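Shown next, in structure tokens, is the structure this report addresses.
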Amino acid sequence: MAQIELVVGDITAQDVDVVVNAANSSLLGGGGVDGAIHRKGGPEILADCRKLRAGHYGRGLKTGQAVATTAGRLPANWVVHTVGPVWSAEEDRSALLADCHRTSLRVAADLGARTVAFPAISTGIYRWPVESAAKIALAAVAETLDGTPGITSVRFVLFDKRAHDVFAEAASLLDR
Ligand code: APR
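Each residue of the sequence shown is one higher than the last, beginning at 140 in my numbering.
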């Protein structure tokens with residue numbers, strides 16, 4: 140069974156096959172994880188993103204969708220960009236946050252990746268509470284892994300100890 144691990148660290152430093160980016164629909168960069176990945180990964184990543192925008196993704200990437208590019212100078216082989224939902228107190232967008240994880244894993248598996256690193260998608264600029272995001276992310280990954288045999292390891296890379304502890308609490312409730 141594929142393992143799910145939690146670490147505190149910088150996702151751009153992870154030596155895995157795929158690093159998942161918490162992108163926005165423009166695919167043309169931003170702050171947070173997106174900014175770090177483009178800054179550390181170099182211009183090749185943005186060049187690939189521009190090609191996607193000039194082609195199949197002319198209108199950008201929809202929330203919950205995922206698409207791969209080169210990882211440029213990162214230790215990883217690919218970046219899978221996904222767009223998380225912005226937190227809303229009025230509307231339940233949980234399914235979209237789960238979709239980010241499902242589709243990113245499927246794209247990674249289609250590439251032949253075996254190890255994947257996720258950030259805590261939507262919990263920064265998109266303001267999703269970490270407690271809720273952790274439950275959704277872990278459940279979506281756990282359920283999807285059973286159907287994607289190629290993936291041997293998923294690593295959640297949390298940017299601080301507090302987020303790590305929240306994810307660890309949620310992971311302890313997963314029956315796997
Ligand atoms: N490594 C790991 N985690 C990180 C890193 C990093 N280098 N930098 C930030 N984080 C954490 C944040 O602390 C937060 O917990 O990643 C989580 C996601 O935060 P954001 O990067 O702000 O992503 P998100 O909330 O999904 O908002 C996406 O922000 O950067 C823009 O272009 C992006 O518009 C999009 C929006």
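Ideal Cβ placement from N, Cα and C applies to all residues, glycine included.
The structure displayed is predicted, hence computed values, not measured ones.
Judged by DSSP secondary structure, Glu-230 falls outside any alpha helix (DSSP H); it is assigned neither H nor E.
When secondary structure is reduced to three states using DSSP, Val-172 falls in the helix class. Here Leu-167 carries a coil assignment [DSSP, helix/strand/coil]. The segment 173-182 makes no contact with the segment 140-147: fewer than 3 CB pairs, one atom from each, lie closer than 8 Å. Around the CB of Gln-142, fewer than 16 other CB atoms lie within 10 Å, so the residue is classed as exposed.
The three-state secondary structure of His-177, taken from DSSP, is helix. Considering only Ala-175, Ser-165, Ser-271 and Arg-301, the residue with the shortest C-alpha distance to Arg-198 is Ser-165.
Non-local beta-carbon contacts of Ala-309 in its own chain, meaning distances under 7 Å to residues more than five positions away in sequence, involve Ala-273, Lys-274 and Leu-277 in chain order.
A heavy atom of the ligand APR is found nearer than 8 Å to the CB of Asn-163.
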